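Colleague: Chains as they are written, first to last, in my numbering: chain A, 48 to 193; chain B, 48 to 193. Glycine residues also receive a C-beta, built at the ideal position from the N, C-alpha and C atoms. Here the structure is a predicted model, which is why all the values come from computation and not from measurement. Here you go, one structure.
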DNA sequence: TACGAAAATAAGACTTATTCTCATTTACGC
DNA sequence: GCGTAAATGAGAATAAGTCTTATTTTCGTA
């Protein structure tokens, strides 16, 4: 059935990144794969248990770390004291975030001009960038009306 | 002597912002005022003690919170698990940061075009911004040579 | 200048996200 | 199928930051 080949694909993805294909990592990837939410570690732990995958908290953290290192997952810091995680879809799926302080909603955006300016700033300072965070905090359309 | 009038000025600053001018807050402002470093709470605690101001940790956190709320101080999150603080110099001293992952050096920059793009993105999404973080991580000029 | 209410502080207990330890289990090349 | 290196589980440990409560301080008013 379907599930088998999905698992096979995830196994291959993991192995292609020099990670052992443990059932825990497969479950974790599958979870992040199937959502646009930005889960934190505790939510991931809870969601996996809901799906009968009793992965330990330590493994959640360790696996996420490994996946982030392999750039299969991105670690996000929205400034509220815990990290969030999102699946990297393709090669060039980079985006930034608008974060609503009222309802927690996260809007993803990409702005080429902004990226270009970042590169320009780095060049000015002879700085070699490896990553960046661009988060705009404020109030979303919906929450402004309330 | 000099120190008196500096203290008087800081007292006025605090009172102008509806904060009681306690010796702890004055010492804290004076510390941040006199440095371009981005101290974390523990460093501030340590520096104050070095200067014979035995402010408690709780007060360091509470005072910083009050100063941030009054926009006298900016709270920065460089993603390493603790918050940093910097004095706001004037009204329009906003800037972003290049952070060297090798030596920890922080380079401040301001890019008008980038700020303009941020506003444009917000308008596109009918999003009302209150603040943003733009941090570029990478390797500084010096560390690239090593 | 002294008084008193409200606010701020000190000290340390507490919380919460994350990391570490170590005994046990699992993946996977042979 | 075997052996070894890597991964996991369970819970202890850590660390940044918050909370509690008794005490002290600020500052408007007398």
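Spell out whether any CB of chain B is found under 8 Å from the CB atom of residue 169(A).
Modeller: Output row for residue 169(A): interface = yes.
Colleague: Would you please verify whether the beta carbon of residue 191(B) is less than 8 Å from any beta carbon of chain A?
Modeller: With 8 Å as the cut-off, residue 191(B) counts as an interface residue toward chain A.
Colleague: Would you mind stating whether residue 87(B) and residue 124(A) have Cβ atoms separated by less than 8 Å?
Modeller: No, the Cβ-Cβ distance between residue 87(B) and residue 124(A) is not below 8 Å.
Colleague: Does residue 63(A) come out as helix, strand or coil in the three-state DSSP assignment?
Modeller: Three-state result, residue 63(A): helix.
Colleague: Throw me the rounded Cβ distance for the residue 156(A) and residue 168(B) pair, which I believe falls under 8 Å.
Modeller: Yes, residue 156(A) and residue 168(B) are in contact; Cβ-Cβ is about 5 Å, under 8 Å.
Colleague: What are the boundary residues of the beta strand (DSSP E) that residue 178(B) is part of?
Modeller: 175-186 is the span of the beta strand (DSSP E), which, as asked, contains residue 178(B).
Colleague: Quick check on residue 147(B): does DSSP put it in helix, strand or coil?
Modeller: DSSP places residue 147(B) in strand when its eight states are reduced to three.
Colleague: Roughly how many whole angstroms lie between the Cα atoms of residue 192(A) and residue 85(A)?
Modeller: Residue 192(A) and residue 85(A): Cα-Cα distance of roughly 24 Å.
Colleague: Which partner residues of residue 86(A) appear in the DSSP bridge assignment?
Modeller: DSSP lists 132(A) as partners of residue 86(A).
Colleague: Determine whether the beta carbon atoms of residue 92(B) and residue 111(B) lie at a separation below 8 Å.
Modeller: No.
Colleague: Scan the region 157-188 of chain B for residues whose Cβ lies nearer than 7 Å to a Cβ of chain A and list them as they occur along the chain.
Modeller: If the cut-off is 7 Å between Cβ atoms, the region 157-188 of chain B has 158, 160, 161, 164, 165, 168, 169, 172, 173, 174, 175, 176, 177, 178, 179, 180, 181, 182, 183, 184, 185, 186, 187, 188 near chain A.
Colleague: Buried or exposed: residue 150(A), going by 16 or more other Cβ atoms within 10 Å of its Cβ?
Modeller: So residue 150(A) ends up on the exposed side.
Colleague: Using CA coordinates, which residue listed in 70(A), 141(A), 170(A) is at the minimum distance from residue 53(A)?
Modeller: That would be 70(A), whose Cα lies nearest to the Cα of residue 53(A).
Colleague: Just how far apart, CA to CA, sit residue 136(B) and residue 126(B)?
Modeller: So the alpha carbons of these two residues sit roughly 24 Å apart.
Colleague: Please go through the same chain and pick out, in chain order, the residues whose beta-carbon is closer than 8 Å to the beta-carbon of residue 60(B), but skip the five residues on each side of it.
Modeller: Closer than 8 Å at Cβ, skipping near neighbours: 76, 119.
Colleague: Can you list the residues of chain A that residue 126(B) reaches, using a CB-CB cut of under 8 Å?
Modeller: Chain A residues near residue 126(B): 124, 180.
Colleague: Taking 8 Å as the CB-CB limit, is residue 116(A) close to chain B?
Modeller: No, no contact with chain B.
Colleague: Could you give the distance in angstroms between the alpha-carbon of residue 185(A) and the alpha-carbon of residue 148(A)?
Modeller: Taking the straight line joining both Cα atoms gives about 6 Å.
Colleague: What are the partner residues of residue 69(A), as DSSP defines its beta bridges?
Modeller: In DSSP, residue 69(A) forms no bridge with anything.
Colleague: If we count the other Cβ atoms within 10 Å of its Cβ and call it buried at 16 or more, is residue 163(B) buried or exposed?
Modeller: When all chains shown are included, residue 163(B) counts as exposed.
Colleague: To which residues of the same chain is residue 145(A) closer than 6 Å at the C-beta, ignoring the five residues directly before and after it?
Modeller: Closer than 6 Å at the Cβ level, and outside the excluded window around residue 145(A), lie 154, 183.
Colleague: Taking Cβ-Cβ distances shorter than 8 Å, what residues in chain B pair up with residue 148(A)?
Modeller: The answer, in chain order, is 177.
Colleague: Please state the DSSP three-state secondary structure of residue 93(B).
Modeller: Correct three-state label for residue 93(B): helix.
Colleague: With a 10 Å radius around its C-beta and 16 neighbouring C-beta atoms as the bar for buried, classify residue 141(B) as buried or exposed.
Modeller: When all chains shown are included, residue 141(B) counts as exposed.
Colleague: Measure the Cβ-Cβ separation of residue 161(B) and residue 130(A) and say whether it is below 8 Å.
Modeller: Taking 8 Å as the Cβ cut-off, residue 161(B) and residue 130(A) do not qualify as a contacting pair.
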